[in-house]
Amino acid sequence: MFESAIAIILVLGLLIFFHELGHFLVARIFGIGVSVFSLGFGPKLLSFNYGKTEYRLSAVPLGGYVSLVGEADDADLPDKFTPEESFARRAPWQRILVVAAGPVFNFILAWFIYWGLFWAHGQMELIAEVGEVADNSPAYEAGIEPGDRVIAINGQDIKFWDEMVLFIQESKGEQLNIQVQRNSHPIDFIVNPEIVTRQNIFGEEIQTPQVGVIASGETVTIDLNPLSAAYEGAAQTWMLMKLTVQGIVKLIERIIPLDNIGGPIMIAQLVSEQTSEGLVNLLALTALISINLGLINLLPIPVLDGGHIIFYTAEMITGKPLNDRMRQIATRIGISLLLALMALAIFNDLWRIFRE
Numbered sequence: 155m156f157e158s159a160i161a162i163i164l165v166l167g168l169l170i171f172f173h174e175l176g177h178f179l180v181a182r183i184f185g186i187g188v189s190v191f192s193l194g195f196g197p198k199l200l201s202f203n204y205g206k207t208e209y210r211l212s213a214v215p216l217g218g219y220v221s222l223v224g225e226a227d228d229a230d231l232p233d234k235f236t237p238e239e240s241f242a243r244r245a246p247w248q249r250i251l252v253v254a255a256g257p258v259f260n261f262i263l264a265w266f267i268y269w270g271l272f273w274a275h276g277q278m279e280l281i282a283e284v285g286e287v288a289d290n291s292p293a294y295e296a297g298i299e300p301g302d303r304v305i306a307i308n309g310q311d312i313k314f315w316d317e318m319v320l321f322i323q324e325s326k327g328e329q330l331n332i333q334v335q336r337n338s339h340p341i342d343f344i345v346n347p348e349i350v351t352r353q354n355i356f357g358e359e360i361q362t363p364q365v366g367v368i369a370s371g372e373t374v375t376i377d378l379n380p381l382s383a384a385y386e387g388a389a390q391t392w393m394l395m396k397l398t399v400q401g402i403v404k405l406i407e408r409i410i411p412l413d414n415i416g417g418p419i420m421i422a423q424l425v426s427e428q429t430s431e432g433l434v435n436l437l438a439l440t441a442l443i444s445i446n447l448g449l450i451n452l453l454p455i456p457v458l459d460g461g462h463i464i465f466y467t468a469e470m471i472t473g474k475p476l477n478d479r480m481r482q483i484a485t486r487i488g489i490s491l492l493l494a495l496m497a498l499a500i501f502n503d504l505w506r507i508f509r510e
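Each residue of the sequence shown is one higher than the last, beginning at 155 in our numbering.
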C-alpha cells in the first residue's frame, strides 16, 4: 500500500513536472519572465528562489502551473520584472509555442520512456508460428497445420506474426500464396481468406479477412542499439497518440460509451496495479498516461492549452486579440465543460469501485 502511494505521487509528479517544464523552458527562451513554477496547487509546502523565479512544492498534487509575467495584465508585473518580460507583449506565434510546449513535453517524456525500455529490454516479437488451426477455416482447407512456421506470403518474407496479420488484412480477401516451413522443408499453400465480422478495439463491428489460425505464442527478443531504440520509441509514441485521438473522436461520436471515461481514482488504481507488476509495466503506463495528458490538454477548450492556442491563432489571423467579453464567456463555458467532464470521470471511477 505504501509503495503504491509513493508510486502514484512520483508518477503524477513526473507528468506534471515535464508538462510545466515545457511551458517554462520555451517561455525563458523567448525572454518571458516566470514568477512561479509550482508542482501542485494550493498552499505551498516547500519553496526556494533561483533568479527571479520562485519554485514551489504545493499541497494538492493534482496539477501544477507556471505563472508567466504579464499573462493577464501588464500593469500587474511582480517585483524585479520589467515590461519587456511580459507574455502579453509577445507575438501570437510565440505565445502559441509557449502554450503548446506543455503537451509537447508530455509526448517527449513518453518517447524518452519507450526509448529507454526498448534500449534496456529490446523488442519482443511474436514469431509467425501456427499454434492452432480452426476447423473448416481457409487455412484448414488449404492444409496448414499447427507447428507450421509462415516464412513468406505472395513471395514477401515474413518473420513475425504481426507482419503476417497485416498482410492478410491488407489482402482484402484476395487469394494468398502462403509458404510455411514444416520439418525444415518449405511448403506452399493457396489460401482464400474469408471475410468475417468482428469488433475492433473501440467496439465497432468491422469486416476483415481471416484465414483461421492462432499463434503458438513463441516469442523472440530483438536487442536494439540506441538509435534503433529511439526510432521504435518514437513509433510506439506516435501509434499510441493516433489511437488516443481515435478514441477521443469515438467518445464524441458516442461510439465508445461515456462510462469509459476515467479520472484520478482510476489512474491511481492503474498505477497501483502496475507497481505490483514491476518497474517496466509502471514506466509503460506512465508513458501512456503522459500521452493522454498531452492530447487532452490540446483539446480546443478554453482554460486548457488547446483553448489558448485557438485564441492566439485567431489573433494571429485577424491581427487583434479576442475582446475581453468574448474571452470571458468562452472561459466560463470552458470551465463548466471541464468541471462536467471531471464530475463524470469521478462518478465513473466511484461507480466502478462500488460495482466491483
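We treat Cβ as the ideally placed atom computed from N, Cα and C, and that holds for glycine.
Segment contact flag, the segment 311-329 with the segment 387-400, C-beta cutoff 8 Å, min 3 pairs: They do not touch, by the three-pair rule.
Identity of the residue in Gly224, Glu324, Pro454 nearest Ala181 by Cα: Taking Ala181 as reference, the option from Gly224, Glu324, Pro454 with the minimal CA-CA separation is Gly224.
Start-to-end residues for the beta strand (DSSP E) that takes in Gly256: In the DSSP assignment, Gly256 falls outside any beta strand (DSSP E) and lies within the alpha helix (DSSP H) extending over 246-275.
C-alpha gap between Arg399 and Ile406, whole angstroms: Here the sequence assigns Val to residue 399, which means Arg is not the residue at that position. Going from the Cα of Val399 to the Cα of Ile406 covers about 11 Å.
Assumed close pair Pro304, Val334 - CB separation to whole angstroms, cut-off 8 Å: A small fix is needed here, since residue 304 is Val in this sequence, not Pro. Indeed they touch by this definition, with Cβ atoms about 5 Å apart.
Residue-chain proximity (His177, chain C), Cβ-Cβ < 9 Å: The structure shown contains no chain C; it holds only a single protein chain.
Length of the line joining the Cα atoms of Leu271 and Glu431: Answer to the nearest angstrom: the Cα atoms are 15 Å apart.
Spatial distance of Asp478 from Ile170 (CA atoms): If I take the Cα positions, the gap works out to 29 Å.
One or two residues paired with Pro340 in a DSSP bridge: In the DSSP output, where bridge partners are listed per residue, Pro340 has Gln335.
Inter-stretch contact at 8 Å, needing at least 3 Cβ pairs: the segment 457-474 / the segment 239-259: Yes, the segment 457-474 is in contact with the segment 239-259.
Entirely enclosed beta strand (DSSP E) segments - the segment 356-388, minimum 3 residues: Taking only runs of at least 3 residues, the beta strand (DSSP E) segments lying wholly in the segment 356-388 are 359-364, 367-369, 373-376.
Alpha-carbon to alpha-carbon, Gln361 and Glu208: Going by the C-alpha atoms only, they are around 57 Å apart.
Limits of the beta strand (DSSP E) - the one that Thr207 falls within: Run containing Thr207: 207-222, per the beta strand (DSSP E) assignment.
Sub-9 Å separation of Phe178 and Phe191 beta-carbons: Result yes, Cβ atoms of Phe178 and Phe191 sit closer than 9 Å.
Arg506, enclosing alpha helix (DSSP H) - first and last residue: Segment 478-509, the alpha helix (DSSP H) holding Arg506.
Buried versus exposed, by CB contacts within 10 Å (16 or more), Ala213: It is exposed - the Cβ of Ala213 has fewer than 16 other Cβ atoms within 10 Å.
C-beta contact flag for Ile298 and Val350 at 9 Å: Not in contact: Ile298 and Val350 (Cβ atoms no closer than 9 Å).
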